[in-house]
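Chains as they are written, first to last, in my numbering: chain A, 1 to 284; chain B, 285 to 453. Here's the structure, in structure tokens; my notes come after.
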């Protein structure tokens with residue numbers, strides 16, 4: 001296995017293009033574990049560690065945020081992002097353990113596309129846009145379209161996720177991330193990422209995204225619509241939870257049976273919505 | 285790990301500049317244990333779960349088993365062997381011994397390094413809850429953790445007292 005250290009995105013793309021089955025190495029917190037366990041044996045790794053600028057998190061004047069793919073999970077956890085974007089920091093704070101977050105990257109976690117991981121549902125809830133650069137140039141896709149299947153993204157061969165753009169959070173927007181896990185630091189049995197915009201106690205728009213409940217982060221237009229225009233009363237929140245419960249297609253694994261996961265969805269959705277609303281009511 | 289495809293890697297380990305040969309797929313843990321003969325860091329799960337290999341990389345707690353050796357060129361690593369002169373670690377060592385916080389000892393180097401990282405970076409005198417959260421990624425199958433947490437609380441309080449004149453959190 002060869003290891004390359006490009007210093008520019010173009011150089012990294014060139015290296016990926018001339019090596020069949022080559023992989024990008026970012027923080028390595030999942031990739032190296034997979035190498036150690038013999039689950040992967042790529043002929044070449046292209047390390048992004050020395051690619052200039054990819055580890056930058058930029059706050060724009062309008063409240064939007066751009067983060068490079070190799071921003072660490074620890075940096076995102078500490079970023080204290082405004083409004084709805086708080087869902088991202090909240091999710092990053094719950095990724096594994098401090099030592100993992102110190103080196104694990106945002107882009108690496110998103111590209112691994114594990115539906116039980118914390119960051120994918122949070123980035124869908126935050127309406128992130130992903131920038132991918134490959135041999136055919138640059139394109140931008142929504143987080144919703146980025147996650148395709150278990151451990152599968154919309155990136156094509158030779159493409160690299162270079163940065164993630166977050167739109168300015170609307171006035172009155174809030175975000176929360178709630179994870180139900182067996183023990184601190186574990187992958188989610190079920191997780192809920194919520195962003196909402198509230199105006200005088202009325203929910204103008206909401207995005208509810210479940211982790212660990214389908215092959216990719218699960219978001220249903222009907223569930224989001226069930227909250228819009230309401231005061232987040234118990235019935236409206238229960239309706240959204242029931243729709244997500246119906247739409248879920250969870251795996252059964254050591255973290256819970258499919259039936260168990262389905263059963264806890266409405267309760268967790270209600271708690272996550274309440275946590276988000278409490279942020280709106282908290283003094284700034 | 286040497287042999288076909290090995291590459292020289294320059295790192296600083298416990299303040300000492302070293303050039304070590306890293307084979308393909310070798311991790312920082314392999315490099316430290318087999319290359320530098322620093323066997324304080326332990327291999328447990330080798331997949332980032334147990335924390336027995338915890339070291340400081342460029343000052344931050346890290347899993348040595350999850351870093352490719354060849355990707356560590358230029359990095360500075362501190363292992364449990366490098367904590368001898370650290371005042372936080374010295375207090376921790378004494379408190380852990382006094383509390384019976386060490387049984388088989390396999391997890392102890394990783395826990396000592398993780399807690400030293402906490403004392404240095406995040407909280408000089410952390411409370412029990414902070415310590416429990418911080419040690420969430422360090423598995424001990426002997427002690428039940430209570431003695432470790434109590435020892436860490438006392439070690440933190442001692443070092444703050446030494447630094448700032450008997451303050452407690």
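Glycine is no exception: its CB is placed at the ideal position from the N, C-alpha and C atoms.
C-beta atoms of residue i and residue j nearer than 9 Å
i                      : j                      : result
residue 70 of chain A  : residue 51 of chain A  : yes
residue 297 of chain B : residue 361 of chain B : yes
residue 203 of chain A : residue 232 of chain A : yes
residue 102 of chain A : residue 345 of chain B : yes
residue 421 of chain B : residue 398 of chain B : yes
residue 48 of chain A  : residue 26 of chain A  : yes
residue 273 of chain A : residue 196 of chain A : yes
residue 432 of chain B : residue 424 of chain B : yes
Identity of the residue in the options nearest residue i by Cα
i                      : options                       : result
residue 109 of chain A : A:154, A:120 and A:175        : A:120
residue 30 of chain A  : B:368, B:306, B:394 and B:351 : B:351
residue 395 of chain B : B:325, B:368 and B:308        : B:325
residue 249 of chain A : A:155, A:210 and A:10         : A:210
residue 342 of chain B : B:378, B:299 and B:376        : B:299
residue 60 of chain A  : A:168, A:39 and A:176         : A:168
residue 276 of chain A : A:205, A:246 and A:264        : A:205
residue 185 of chain A : A:100, A:20 and A:247         : A:100
residue 390 of chain B : B:440, B:441, B:338 and B:371 : B:338
residue 439 of chain B : B:445, B:376 and B:289        : B:376
residue 392 of chain B : B:426, B:404 and B:411        : B:426
residue 38 of chain A  : B:310, B:319, B:321 and B:318 : B:310
Alpha-carbon spacing of residue i relative to residue j, whole angstroms
i                      : j                      : result
residue 215 of chain A : residue 148 of chain A : 8 Å
residue 67 of chain A  : residue 406 of chain B : 24 Å
residue 23 of chain A  : residue 349 of chain B : 19 Å
residue 367 of chain B : residue 430 of chain B : 23 Å
residue 252 of chain A : residue 260 of chain A : 9 Å
residue 201 of chain A : residue 227 of chain A : 12 Å
residue 16 of chain A  : residue 1 of chain A   : 14 Å
residue 151 of chain A : residue 374 of chain B : 44 Å
residue 314 of chain B : residue 270 of chain A : 47 Å
residue 242 of chain A : residue 267 of chain A : 10 Å
residue 5 of chain A   : residue 156 of chain A : 21 Å
residue 166 of chain A : residue 10 of chain A  : 24 Å
residue 229 of chain A : residue 236 of chain A : 10 Å
residue 355 of chain B : residue 363 of chain B : 18 Å
residue 278 of chain A : residue 183 of chain A : 25 Å
residue 294 of chain B : residue 312 of chain B : 12 Å
residue 435 of chain B : residue 443 of chain B : 12 Å
residue 180 of chain A : residue 316 of chain B : 37 Å
residue 104 of chain A : residue 92 of chain A  : 10 Å
residue 208 of chain A : residue 219 of chain A : 6 Å
residue 327 of chain A : residue 163 of chain A : Outside the modelled stretch of chain A, which goes from 1 to 284, sits residue 327 of chain A, for which no answer is possible.
residue 40 of chain A  : residue 112 of chain A : 13 Å
residue 107 of chain A : residue 3 of chain A   : 19 Å
residue 65 of chain A  : residue 58 of chain A  : 6 Å
Whole-angstrom C-beta distance between residue j and residue i, which should lie under 8 Å
i                      : j                      : result
residue 223 of chain A : residue 198 of chain A : Not a contact, Cβ separation roughly 17 Å.
residue 88 of chain A  : residue 76 of chain A  : 6 Å
residue 131 of chain A : residue 140 of chain A : 5 Å
Segment contact, 8 Å Cβ cut-off, at least three pairs: the segment 378-398 of chain B with the segment 130-137 of chain A
The segment 378-398 of chain B, when compared against the segment 130-137 of chain A, does not touch it at the 8 Å Cβ threshold.
Contact between the segment 323-342 of chain B and the segment 78-92 of chain A: three or more CB pairs below 8 Å?
The answer is no - the segment 78-92 of chain A does not touch the segment 323-342 of chain B, with fewer than three Cβ pairs under 8 Å.
Can you find at least 3 beta carbon pairs, one from the segment 112-129 of chain A and one from the segment 175-191 of chain A, that sit closer than 8 Å?
With the cut-off at 8 Å, the segment 112-129 of chain A and the segment 175-191 of chain A touch.
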